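One structure is given here, and the rest of the page talks about it.
As structure tokens, this is what we get:
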């Protein structure tokens, strides 16, 4: 939906408005001259104007050539050049009249000026008034268009009237695609008028025909229609889009792009953009349709705005609303838009001071639950979906202040939290309470720094004190490590029913770390797995003790975010008492003595011994050696990277296990493979699977194979996959794309398996898209 800023020069920009340059097309080859014309440097200095009486007010010019002949009232020459301050003309034969100021030229004509490069076979023009005609025309239009015409009449170099035009971005004698136009009238200060435009791909005519059209032709942004796009999709039928672009001053514009589907009706779409200052920009985009088949109203709207003022104030908005998650999938946006956040929104207003920061925040997230969720916290009483809101939150932070060898910082956060549940009515028809809201006021004070040096060991200490007040709490002690069955939490009530009396939590947390100095060893003449050279192994072991207190009613605290579930030092859980043993390692290598060392392998591994039961991020409660954190990165050269991560740390909510490999070749070929097991939200709904992707370039990059697949172990099915095969020529790309979209939401109109055939033209975009 988003468009780049429009720069229109004649018909070139009118066609360019259809879409951005296709990313898969290679760069254009340079256009070489079709004759050995003298360069301007060879032609200058030019001899003064020849003898003869010039008409009154004739423009000064200089000329040079072979066999210059003075004639009555003018001169003529062969292989010559004529120049004025803003125009240069080269031709095989030139004849000039000093009485009328008219020039006649024939053979290999080249005329150049500001924004003008023209070649033709014959030219007749008034040199001063810049009015005339040209035949057998070959012209270059910025930024990368080539125009051929049987005849053109021009009045000044900004007003052109072409007959029988062939327009293409391809410099080849036989272009990959071209637009044939019976007549083209261009006013570079206003508009371009087109009659009978027909697009051909090679020698094959296409369905793209326009009997008449008017497009902006000014060099700057100008209001007007953008070219039509056509496509076909089985469930939606054929579709056509007629976009309109409206300029709103120098800093704003609007694009309206309704798309008509023969089977579903009109999908109304549009976007407004603004950029009043270099540090302030934003956009408002939306889509809406009332489907014919089921009268369902579907929509999506998005507001984005960023404003960073010089006085320290910052404003950011990312507001999204959608009827469902599959609107863009159903109506042709495809797999690339899946995995986005059409329901999440956030607002931020804050200011940074030299010593502190202050902000207002609001946010909203929507989460869907399915009956096959494997989380220990999932139960049959869960709602279909959950909306989490922070409306609003006030935050303040004190930047670290030095106190000797320590630093002191603090923070405060006050806000209103809300759960909105999608719950079906009970069997007796009653509707349970679906909204739970409470206030949470939180503040902390943290002191951290270096304690000292104990022999070879360095000691670092981090302490934290925190106070949190909840205006409401859970009705039962849900998140209590004493409430355990077979190592998992025993869920007896929903974790969203925050309707019990208020409670306060006061806790303290401290972590002491002892770090040994780096130790290492060098190994010369290493020959391992194809690597030859010197290896240096450096390791830095450390030992840490951590203790975090907890409140007596800890199990009744709602786990809305990290402030609730991980309130201690280093995002430690309430009640955590642990010993941590770890080591950071680097393997540095170089192939020779005069070559610098490269960081080939980075490996960090640590484990915690929990002296008290602890709730891990996978919903399990364990004691003893229960936490392992392993992070390994191997980069033997710039083409290969292997990464392994294994974590059961309670503070890690992104990925607890992953193994990935990435490979890149010099020709642009790439391949990646990853295994992951992830907690995808704070409510511990998990995801496991394999992701495979890559790009293979074949036959001098004429053929490209790109693929991406995601296999979900829980569903035992592919969640989302795509394979694309493209044949690329200098100006046209033909692509065949197969997509599998794992659709779990009922009511979608899109097939899970889809085949798209797309023809993409350089500088024009997709000529047509056919979906089966």
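Residue numbers (full-length UniProt numbering): 1 to 772.
Backbone N, C-alpha and C define an ideal beta-carbon position, used for all residues, glycine too.
Computed from a predicted structure; not experimentally measured.
{"Asked": "Quick check on residue 99: does DSSP put it in helix, strand or coil?", "Found": "coil"}
{"Asked": "Can you give me the C-alpha to C-alpha distance between residue 720 and residue 693, rounded to a whole angstrom?", "Found": "12 Å"}
{"Asked": "Let me confirm a value: residue 849 is counted as buried when at least 16 other C-beta atoms fall within 10 Å, else exposed. Which label applies?", "Found": "Here the chain comprises residues numbered 1 to 772, so residue 849 is not present and cannot be evaluated."}
{"Asked": "Anyone know if the C-beta pair for residue 144 and residue 169 falls short of 8 Å?", "Found": "yes"}
{"Asked": "Taking residue 224 as the reference, give the member of 354, 192, 527, 714 with the closest Cα.", "Found": "192"}
{"Asked": "Mind reading off the beta-carbon distance from residue 544 to residue 512? Whole number of angstroms is fine, and I expect it under 8 Å.", "Found": "7 Å"}
{"Asked": "Once the 5 residues before and after residue 703 are set aside, which same chain residues still bring their CB inside 8 Å of it?", "Found": "697, 725, 726, 727, 728"}
{"Asked": "Rank 347, 231, 604, 524 by C-alpha distance to the C-alpha of residue 319 and give the top, closest one.", "Found": "347"}
{"Asked": "Run the proximity test for residue 631: is its beta-carbon closer than 7 Å to any non-hydrogen atom belonging to the ligand NAD?", "Found": "Looking at this structure, you won't find the ligand NAD or any other ligand, since it has none at all."}
{"Asked": "Using the C-alpha atoms, what's the distance from residue 272 back to residue 107?", "Found": "51 Å"}
{"Asked": "Does residue 774 come out as helix, strand or coil in the three-state DSSP assignment?", "Found": "Only positions 1 to 772 of the chain appear in the structure, and residue 774 is not among them; the question remains open."}
{"Asked": "Spatial neighbours of residue 644 within its chain, please: C-beta separation below 6 Å, excluding the five flanking residues on both sides.", "Found": "632, 659"}
{"Asked": "Count the other CB atoms within 10 Å of the CB of residue 501; is the residue buried (16 or more) or exposed (fewer)?", "Found": "exposed"}
{"Asked": "For residue 208, which residues of its own chain have a beta-carbon under 6 Å away from its beta-carbon, when the five flanking residues on both sides are left out?", "Found": "199"}
{"Asked": "Can you list, in chain order, the residues of its chain whose CB lies under 7 Å from that of residue 421, leaving out five sequence neighbours each side?", "Found": "383, 386, 434, 496"}
{"Asked": "Work out the CA separation of residue 268 and residue 327 for me, nearest whole Å.", "Found": "12 Å"}
{"Asked": "When DSSP labels each residue in this structure, what does residue 475 get in the three-state scheme?", "Found": "coil"}
{"Asked": "Please report the residue range of the beta strand (DSSP E) in which residue 385 lies.", "Found": "385-403"}
{"Asked": "Using C-beta distances below 6 Å, list every residue in its chain close to residue 753, excluding the 5 sequence neighbours before and after it, in chain order.", "Found": "740"}
{"Asked": "What separation, rounded to the nearest whole angstrom, lies between the Cα atoms of residue 469 and residue 557?", "Found": "10 Å"}
{"Asked": "What are the start and end residues of the beta strand (DSSP E) that includes residue 150?", "Found": "145-155"}
{"Asked": "Three or more C-beta pairs closer than 8 Å, one from the region 406-419 and one from the region 435-448: is that the case here?", "Found": "yes"}
{"Asked": "List the residues that DSSP assigns as beta-bridge partners of residue 112.", "Found": "88, 117"}
{"Asked": "Does DSSP put residue 628 in a helix, a strand or coil?", "Found": "strand"}
{"Asked": "For the beta strand (DSSP E) containing residue 607, name the first residue and the last one.", "Found": "598-615"}
{"Asked": "Return the CA-CA distance between residue 128 and residue 156, expressed in angstroms with no decimal places.", "Found": "9 Å"}
{"Asked": "Under a three-way DSSP split, which group does residue 327 fall into?", "Found": "helix"}
{"Asked": "Check the C-beta distance from residue 123 over to residue 109 and give it rounded, since I have them as a contact under 8 Å.", "Found": "5 Å"}
{"Asked": "Going by the DSSP bridge assignment, what does residue 360 pair with across the sheet?", "Found": "349, 394"}
{"Asked": "Between residue 763 and residue 176, what straight-line distance do the alpha-carbon atoms span, to the nearest angstrom?", "Found": "12 Å"}
{"Asked": "My guess is that residue 257 and residue 241 are in contact by the Cβ rule of under 8 Å, so how many angstroms apart are they, rounded?", "Found": "6 Å"}
{"Asked": "In whole angstroms, what is the alpha-carbon distance linking residue 343 and residue 321?", "Found": "5 Å"}
{"Asked": "Tell me, please, whether the region 563-581 touches the region 532-539 by the rule of three or more beta-carbon pairs shorter than 8 Å.", "Found": "no"}
{"Asked": "Using the Cα positions of residue 253 and residue 607, report the straight-line distance between them to the nearest angstrom.", "Found": "56 Å"}
{"Asked": "Please tell me whether residue 640 and residue 675 are closer than 8 Å, where the distance is taken between their beta carbons.", "Found": "no"}
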